[in-house]
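Novice: This is the structure I have questions about; it appears just below.
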Amino acid sequence: MAPRADDEEPRRGTQPRRGSSRDVPAQDEREDSTGRRGRSSIGDARAYTPRGRTVAERGRLPRSGRTTDPFRPALQVLDGGETGQRARGRTGRAPEEPPEQAETPQARRQEAKPREAQPERGRSTTPAHDRRTADRSGTGAGRAEKGAGRAERGAGRGESASGRTEKGFGRTEKRSERERSRTEKDRRNPPPRRPRPVPAEPPKLANSTRRLRLGTVLALSLFVAIGVRLVVLQVATSPAEAKELLDLRADRLTTVELPAPRGSILDRDGNVLAHSVEARYVYADPENAKLQKNIPAIAARLSPLLAVSRSKLMADMQRKQLPDGKWTQFRFLARGVDVAIADRIDAMKLAGIYTHSDERRDVPGRDLAANLIGFTGDDHHGLEGLEARYDDLLHGTDGRRIFEIGKGNLNKQIPGGYEQYTAAKPGKSLQLTIDRDLQFRVQQILDAEAEQRNAKVAGAVVLDAKTGEVLAQASYPPYSAAEPQKVKPEERIDVPSSIVTDPGSTHKAFIFGAALQEGLITPETIMKIGPAVERGGERFEDTHPMDKGTEMTMPGLLAYSSNVGTILIGEKLGKEKIYEYQQKFGLGKATGEGMPGEAEGQLLKPADWSGSAPGSVPIGHSVSATLIQMAAGYGAIANNGTWIQPHLIKATISADEKVTPAAAPETRKVLDPDVAAELRTMMEAVVDVKGGTGKAAAVTGFRVAGKTGTGKMLIDGQYTSHNASSFVGMAPAEDPRYVIAVSMDVSSGGGGDVAAPAFSQMMSYALLHYRVPPSGTKPPTFKIHP
-17 MAPRADDEEP
-7 RRGTQPRRGS
3 SRDVPAQDER
13 EDSTGRRGRS
23 SIGDARAYTP
33 RGRTVAERGR
43 LPRSGRTTDP
53 FRPALQVLDG
63 GETGQRARGR
73 TGRAPEEPPE
83 QAETPQARRQ
93 EAKPREAQPE
103 RGRSTTPAHD
113 RRTADRSGTG
123 AGRAEKGAGR
133 AERGAGRGES
143 ASGRTEKGFG
153 RTEKRSERER
163 SRTEKDRRNP
173 PPRRPRPVPA
183 EPPKLANSTR
193 RLRLGTVLAL
203 SLFVAIGVRL
213 VVLQVATSPA
223 EAKELLDLRA
233 DRLTTVELPA
243 PRGSILDRDG
253 NVLAHSVEAR
263 YVYADPENAK
273 LQKNIPAIAA
283 RLSPLLAVSR
293 SKLMADMQRK
303 QLPDGKWTQF
313 RFLARGVDVA
323 IADRIDAMKL
333 AGIYTHSDER
343 RDVPGRDLAA
353 NLIGFTGDDH
363 HGLEGLEARY
373 DDLLHGTDGR
383 RIFEIGKGNL
393 NKQIPGGYEQ
403 YTAAKPGKSL
413 QLTIDRDLQF
423 RVQQILDAEA
433 EQRNAKVAGA
443 VVLDAKTGEV
453 LAQASYPPYS
463 AAEPQKVKPE
473 ERIDVPSSIV
483 TDPGSTHKAF
493 IFGAALQEGL
503 ITPETIMKIG
513 PAVERGGERF
523 EDTHPMDKGT
533 EMTMPGLLAY
543 SSNVGTILIG
553 EKLGKEKIYE
563 YQQKFGLGKA
573 TGEGMPGEAE
583 GQLLKPADWS
593 GSAPGSVPIG
603 HSVSATLIQM
613 AAGYGAIANN
623 GTWIQPHLIK
633 ATISADEKVT
643 PAAAPETRKV
653 LDPDVAAELR
663 TMMEAVVDVK
673 GGTGKAAAVT
683 GFRVAGKTGT
693 GKMLIDGQYT
703 SHNASSFVGM
713 APAEDPRYVI
723 AVSMDVSSGG
733 GGDVAAPAFS
743 QMMSYALLHY
753 RVPPSGTKPP
763 TFKIHP
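Residue numbers (our numbering): -17 to 768.
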C-alpha cells in the first residue's frame, strides 16, 4: 500500500488519539539532514497500547500536569460538550487547566538538544506545565502565521503532539525570533499553577439516607396529625356538637327489622305441632310524596289483596309524627302475607308501598293441643301457652339493618353511605313429651264426652308413670291456634294446669296412703262406720249410707268412697300429718311442668283449721288443686311411692340441629314401695267391686286402679254450683305404665258417671298404642264387709 502524502488529512479524522505522548519519540525515529524528524513507521502505530500509552512510555511516571482521573474527559464533555482546547480556540477564554499545544518539528528540535544532557534517559528536564505555558504564550502571535494557524487547528481538533505526527501536520513554518525568545522566557519563569477546582456536591435529596429520613419524618408527622384530630373529635368536641352530628345523621337513617326465624314446636317423635313458614310483610313509607297524593287509590287496590279494610289502610298510610318530633318512614300494613300475594303487590309498583321477607306461624293440627301450645302475635312473640312460656328460646334474636336514604324523589339507599347490618339469630326448637297421635285421640274423646255431658270445661292428662313425661294434655272447649282471635280469652286456657277445683274424693287416696305409711291401718284393717259424722257443726254423709256400727274393710271404704271412714282415718293421722303428706304428694305448689300461669292450688295449714276442717279436709274439701297436681300425686302411687315432677319439655334443638335434653325432673319419696303396692291393690276395688263408684273406668284385659271424685270448681275465690267430676287412675295396676286424670265441670253427676267412661276410652287407646301387654293376673277378690 503506497504511503500517504504529507498534505493528506489523517484517516482517523481530526479527533486526537486518547493518551498520546508528546515527549518521547519512537525508538527508531530519525532526524533528517535538516533536523526534522521523519514520519513514524507502521511499527510505531502498533506500539500504542489500548490505554493510550506508547511502548516507550511503559513504566514511566506520568507527566506532571496530566490528570490521573480516567473519567475526566467524559466529565469535560458533560460540562461543556467539548474539551478545554476546543473551547479556548473558539471563545478565546483561557480554560481552568491550559491544554497542551501540539508539538511542531521546531519544538522537537529544541527539546532534543537538552534531552541528551538529562541525567535520566527518556526524561525531559522541562516541566510539562512550562511547555503548556510556552504554548499558551505563543498562541496569540502565531495565530496570524500560517504554521501557527495549522498548529492551532490541530490543537483545536484535540490532536496530541507526540512523535506520531502525521504528514499534514508537519509542515509548519519557522517561528519568528521574537516568538522563540518569548517562549523561552515563559519556560524559565512559569506562572503559578492554578488549583484544580473541586466538583460541586450533589443536591441534598440525591442522598438516599437523607431521603429515607425525610420520608420517615413525613410519615410520622401524618400519623400524629391524624391521631390528634381523632382525639379532638372524640374528646374535645362539645356535647352539643356531637348531638348535632348525630341528629343530622339520624335524619337520613332508616331502620328495617330483620325477624329471626322462630323455632318450631315438635312432638316427642319430631312431628311438627307449630312452626314458621316463609311469608312477606307489606309496609308503607308515609314520607313518599307520590304516596300521599294517591292514598285512596292505592288503598283501594291493596284492600282485597291484604284482606284489610280500605279505611284502615288509608289511616296507616297517613304521615305520623313521632314523640321526638321526627316523621316516621315505616308503617306496617299487613304481616304474614302469602308470598304469591306479595309478588302481585310488587308487580303493581305502587309508590311508597314495599314488601319484605317475613314469616307466619303455622299450626298444622289447628286445634291439636292448641290450649297447650298457644299462639304468637304479629310481632312473632308468644302470647299464650308454651309459645309464651318459652318465647325467649323460640324467638331467637332479631336482626337489624340501618342505612342512609335520600330525601324526596331520591328516597333510596345512598350507595356507599352509612350502613349497619346485624344478622338475625334463629331461635331454638322445642321438642315436647307430647305424643301427637295420643294427643289427638285423648282430645277427641274428651270433646265428645264433654259435649255429651254439657260440660262447661273439661281437661285430661296422660302421664308416663315411670318418667313423669306428659304424653297428652287436652282441654275443652278447643280452639284453632291459627285463629285465636275468634274465641274468648277464657276459652283458650289450659284446663289441667289453670283450673283449680276441690279434688273431692280423689283426695282420699292420699289419706289412705299416709295412714298405711304411718302404720295406722293395713289392707286388712276393719273399721266401724255409720251413715254420717258431724264435725264443727257440719254434717258429713256418705253417698252409700251405712247403718251405724257397720264394719267395712279398707278396700270397701275406697270402693264405696266412704266419707265417714276417711274422716275417721284422717283423725288418726292428725292435721299435722295430713298437711305433711298433702305436700309430699305435690299439692299446694305448682308442679312446674312448663305451662305459663300454672296455678298452685291451696292447702289449709293446720293452724288455720276450723272446727269443721277435720271433716272437710280429708275428703278433699277445703283443699284446691289442679288436675296436673292430682295426676302427679297418683303418679307417685303408680311409681312405687316416688313422686316425679311432671314435665312437658323433652329437649331443645338449636338451629344447627344440636339436641340438648331437658333437665332431669325433680323426684322425692312419698311412700315405701310395698305400701304403694298395697294402696294400688286396695284402689282396684273401686273398679272391680260390684257397686263400686268407678266401675265405668274398667279396661278390658287390664287391671285398673283409681279413684272417683266430685268437688266444686273455684272461680275467682267462689265455688260454682256445678260439680267438678273427676277420675284419676292407672293401668296395669300390678305394674302401672300410665296415669290418666280426667275432670269435667257439669251441672250434675259424679266422677264415676261423668269422668270414668272417658278415662276408660283414653286408657284403652294408650295401652294399645304403646303395645302394653294385657295383665297376666286377675285382680284379687275384695270383701266390702268382713
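Even for Gly, the Cβ is constructed at its ideal location relative to N, Cα and C.
(1) Along the chain, where does the alpha helix (DSSP H) that runs through R192 open and close?
(2) Once DSSP output is grouped into helix, strand and coil, what is the label at H489?
(3) What did DSSP end up calling R90 once you bin it into helix, strand or coil?
(4) Relative to the alpha-carbon of E451, which residue among Q300, D670 and A645 has its alpha-carbon at the smallest distance?
(5) If you measure between the beta carbons of G732 and A541, is that distance less than 8 Å?
(6) Are A432 and M695 closer than 8 Å when you measure CB to CB?
(7) Can the beta-carbon of G388 be found less than 8 Å from the beta-carbon of A370?
(8) Mapping DSSP to helix, strand and coil, what is L585?
(9) Using alpha carbons as the reference points, say which of T548, G364, K294 and Q303 lies closest to P578.
(10) On a CA-only basis, which of L368, K468 and V657 is nearest E500? Give me that one, please.
(11) State the CB to CB distance for the pair G597 and I549, rounded to an integer number of angstroms; the pair is presumed to be in contact (CB under 8 Å).
(12) In whole angstroms, give me the CA-to-CA distance for Y458 and G441.
(13) Output the residue ranges of the alpha helix (DSSP H) runs that lie fully inside the segment 504 to 574 and measure 4 residues or longer, sorted by chain position.
(14) To the nearest angstrom, how far is the alpha carbon of A297 from that of A281?
(15) Between the C-alpha atoms of P768 and V668, what's the straight-line distance to the nearest angstrom?
(16) DSSP on N705, reduced to helix/strand/coil?
(17) Enumerated in chain order, which unbroken segments of the beta strand (DSSP E) with a length of 3 residues or greater are wholly contained in the segment 274 to 331?
(18) I'd like to confirm the pairing. Which residues does DSSP put opposite H338 in its beta bridges?
(19) Tell me the residue span of the beta strand (DSSP E) that contains D727.
(20) With DSSP as the reference, identify every bridge partner of W625, one or two as the case may be.
(21) Can you grab the Cα-Cα spacing for the pair G623 / P655, in whole Å?
(22) Buried or exposed for Y747, please, with buried defined as at least 16 other CB atoms from any protein chain shown within 10 angstroms of its CB.
(23) Throw me the rounded Cβ distance for the A806 and F764 pair, which I believe falls under 8 Å.
(24) Do V724 and T608 have their C-beta atoms within less than 8 Å of each other?
(25) Using only CA atoms, which one of A679, P478 and A678 lies nearest to A769?
(26) Can you give the Cα-Cα distance for V599 and V605, rounded to whole angstroms?
(27) Hey, is the segment 609 to 619 in contact with the segment 562 to 577, meaning 3+ C-beta pairs nearer than 8 Å?
(28) Any idea what DSSP makes of V710, helix, strand or coil?
(29) According to DSSP, is D429 part of a helix, a strand, or is it coil?
(30) DSSP three-state label for E(-10), please.
(31) Which first and last residues belong to the beta strand (DSSP E) in which F385 is found?
(32) Which partner residues of Y458 appear in the DSSP bridge assignment?
(33) Select from Y336, F312 and Q311 the residue whose C-alpha is nearest the C-alpha of I323.
(34) Secondary structure at V681, three-state DSSP: helix, strand or coil?
(35) Return the chain-ordered list of same chain residues with a C-beta closer than 7 Å to the C-beta of A99, the five sequence neighbours on each side being excluded.
(36) If we ignore side chains and look at the alpha-carbon of each, how far apart do M299 and D340 end up?
Specialist: According to the structure shown:
(1) Position 210 of the sequence shown, counted from the start, is the residue given in the question as residue 192. From DSSP, the alpha helix (DSSP H) with R192 extends over S190 to V213.
(2) Working through the sequence shown from its first residue, we reach residue 489 at position 507. It is helical.
(3) Residue 90 sits at position 108 when you count from the first residue of the sequence shown. Because R90 carries a pLDDT of 47, less than 50, the predicted location of this residue cannot be relied on, and the following value inherits that uncertainty. The answer is helix: DSSP assigns R90 an H, G or I state.
(4) One-based indexing of the sequence shown puts residue 451 at position 469. Checked all of Q300, D670 and A645; the closest Cα to E451 is A645.
(5) Here residue 732 corresponds to residue number 750 of the sequence shown, with the count starting at 1. Here residue 541 corresponds to residue number 559 of the sequence shown, with the count starting at 1. No.
(6) Locating residue 432 in the sequence shown gives position 450, where the first residue counts as 1. Locating residue 695 in the sequence shown gives position 713, where the first residue counts as 1. Going by C-beta atoms, A432 is not nearer than 8 Å to M695.
(7) Translated into the one-based positions of the sequence shown, residue 388 becomes position 406. Translated into the one-based positions of the sequence shown, residue 370 becomes position 388. Their beta carbons are not under 8 Å apart, which means G388 does not touch A370 by this criterion.
(8) Residue mapping note: residue 585 aligns to position 603 of the sequence shown, counting from 1. Three-state result, L585: coil.
(9) The sequence position of residue 578 within the sequence shown is 596, counting from 1. Cα-wise, what sits closest to P578 is G364.
(10) Your numbering for residue 500 matches position 518 in the sequence shown. Nearest C-alpha to E500: V657.
(11) Position 615 of the sequence shown, counting from 1, holds the residue named residue 597. Position 567 of the sequence shown, counting from 1, holds the residue named residue 549. The pair is a contact, with the Cβ atoms about 5 Å apart (cut-off 8 Å).
(12) The residue given as residue 458 occupies position 476 in the sequence shown. The residue given as residue 441 occupies position 459 in the sequence shown. Those two C-alpha atoms are separated by around 6 Å.
(13) 536 to 541, 545 to 555 and 557 to 566
(14) As a working note, residue 297 is residue 315 in the sequence shown. As a working note, residue 281 is residue 299 in the sequence shown. Approximately 10 Å, taken between the alpha carbons.
(15) Counted from its first residue, the sequence shown places residue 768 at position 786. Counted from its first residue, the sequence shown places residue 668 at position 686. Taking the straight line from one Cα to the other gives about 17 Å.
(16) Indexing the sequence shown from 1 puts residue 705 at position 723. Three-state result, N705: strand.
(17) 313 to 319
(18) Numbered from 1 along the sequence shown, position 356 holds the residue referred to as residue 338. Beta-bridge pairing links H338 to Y263.
(19) Mapped onto the sequence shown, residue 727 falls at position 745. Its beta strand (DSSP E) spans residues Y720 to V728.
(20) Position 643 of the sequence shown, counted from the first residue, corresponds to residue 625. Paired residues: R650.
(21) Residue mapping note: residue 623 aligns to position 641 of the sequence shown, counting from 1. Residue mapping note: residue 655 aligns to position 673 of the sequence shown, counting from 1. Straight-line Cα distance between these residues: approximately 5 Å.
(22) Start at 1 with the first residue of the sequence shown, and residue 747 comes out as number 765. By the neighbour-count rule (16 or more Cβ atoms within 10 Å), Y747 is buried.
(23) This structure gives no information on residue 806, because the portion of the chain shown stretches from -17 to 768.
(24) Taking the sequence shown and counting its residues from 1, the one referred to as residue 724 is at position 742. Taking the sequence shown and counting its residues from 1, the one referred to as residue 608 is at position 626. Taking 8 Å as the Cβ cut-off, V724 and T608 do not qualify as a contacting pair.
(25) Any question about residue 769 goes unanswered here, given that the chain covers just -17 to 768.
(26) Within the sequence shown, the letter at position 617 stands for residue 599. Within the sequence shown, the letter at position 623 stands for residue 605. C-alpha separation (whole angstroms): 6 Å.
(27) yes
(28) Counted from its first residue, the sequence shown places residue 710 at position 728. The answer is strand: DSSP assigns V710 an E or B state.
(29) Taking the first residue of the sequence shown as 1, we reach residue 429 at position 447. Helix, per DSSP.
(30) Taking the first residue of the sequence shown as 1, we reach residue -10 at position 8. Bear in mind that the predicted position of E(-10) carries a pLDDT of just 47, short of 50, making it unreliable; the figure below should be weighed with that in mind. Looking at E(-10) - three-state DSSP - the assignment turns out to be coil, as it is neither helix nor strand.
(31) One-based indexing of the sequence shown puts residue 385 at position 403. Segment G381 to E386, the beta strand (DSSP E) holding F385.
(32) Working through the sequence shown from its first residue, we reach residue 458 at position 476. BP columns for Y458 point to A440.
(33) Here the question's residue 323 lines up with position 341 in the sequence shown. For I323, the nearest C-alpha among the options comes from Y336.
(34) Here the question's residue 681 lines up with position 699 in the sequence shown. Looking at V681 - three-state DSSP - the assignment turns out to be strand.
(35) Taking the sequence shown and counting its residues from 1, one reaches residue 99 at position 117. Because A99 carries a pLDDT of 40, less than 50, the predicted location of this residue cannot be relied on, and no value is offered for it.
(36) Within the sequence shown, numbered from 1, the residue matching residue 299 stands at position 317. Within the sequence shown, numbered from 1, the residue matching residue 340 stands at position 358. If I take the Cα positions, the gap works out to 20 Å.
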